[in-house]
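Here is the structure we will look at.
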Amino acid sequence: MLFYTTLFLVFWALIFTAARFLQYFRIVKNYKEETQATVTQIRDHEPASKKEPPALDVLLTYQIDGEERSSEIIVPRQQAERYQVGSRVGIRYYAEENGAVHIASAGDAPRKIMFAYLALIVLEIVIYAVIWKILL
2 MLFYTTLFLV FWALIFTAAR FLQYFRIVKN YKEETQATVT QIRDHEPASK KEPPALDVLL
62 TYQIDGEERS SEIIVPRQQA ERYQVGSRVG IRYYAEENGA VHIASAGDAP RKIMFAYLAL
122 IVLEIVIYAV IWKILL
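Residues 2 to 137 in my numbering are what the sequence shown spells out, letter by letter.
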């Protein structure tokens with residue numbers, strides 16, 4: 002019975018991991034345009050729970066297709082020196098046809114995270130296969 006429960010949990014972990022992988026795959030695939038954003042405001046982030054690490058709310062302004070836009074992002078407090086009022090940061094964005102714009106970090110982090118989730122999917126499939134082999 003324990004093996005079946007473990008098999009069930011690994012299966013659901015695989016679904017969760019696949020969903021996270023697809024989220025980062027979409028970011029890597031769609032967010033191709035890059036621009037520079039200016040930090041216009043910084044304030045302390047109000048945590049939703051006691052477990053949430055200290056963070057900052059950072060307001061970014063940037064231009065896309067000649068139109069000035071702004072977005073607020075949440076940044077871990079240990080990255081505070083990178084985000085000072087007036088500093089410029091790189092962002093990638095994806096503009097939808099309805100005018101909505103989604104932004105992401107311009108660094109290589111989304112690609113690395115995507116490949117980490119892909120490796121985790123392979124590991125979970127191997128674990129699933131080993132448990133399946135034990136059951137048969």
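Ideal Cβ positions, reconstructed from N, Cα and C, are used throughout, including at glycine.
Can you check the region 47-81 for any beta strand (DSSP E) of at least 3 residues that lies completely inside it and give the ranges in chain order?
56-65, 68-77
Expressed to the nearest angstrom, what Euclidean distance is found between the alpha-carbon atoms of F26 and M115?
6 Å
Assigned exposure category for Y94 - 16 Cβ within 10 Å defines buried:
buried
Rounded to the nearest angstrom, what separates I132 and I75 at their Cα positions?
40 Å
The region 43-56 touching the region 2-18, judged by at least three CB pairs closer than 8 Å
no
Any idea if Y118 is buried or exposed, counting beta-carbon neighbours within 10 angstroms, 16 or more meaning buried?
buried
One question on the structure: do L61 and E69 come within less than 9 Å of each other, judged by their Cβ atoms?
no
Shortest alpha-carbon distance to I126 belongs to which of A101, N31, L8?
L8
Is the beta carbon of A105 less than 9 Å from the beta carbon of P111?
yes
Close beta carbons around F4, own chain, < 7 Å, minus the five adjacent residues each side
I132, I135, L136
Quick check: the Cα distance between A56 and Y84, rounded to an integer number of angstroms?
12 Å
Tell me the DSSP secondary structure of Y95 in three-state form.
strand
Please report how far the alpha carbon of V40 lies from the alpha carbon of Y32, in whole angstroms.
20 Å
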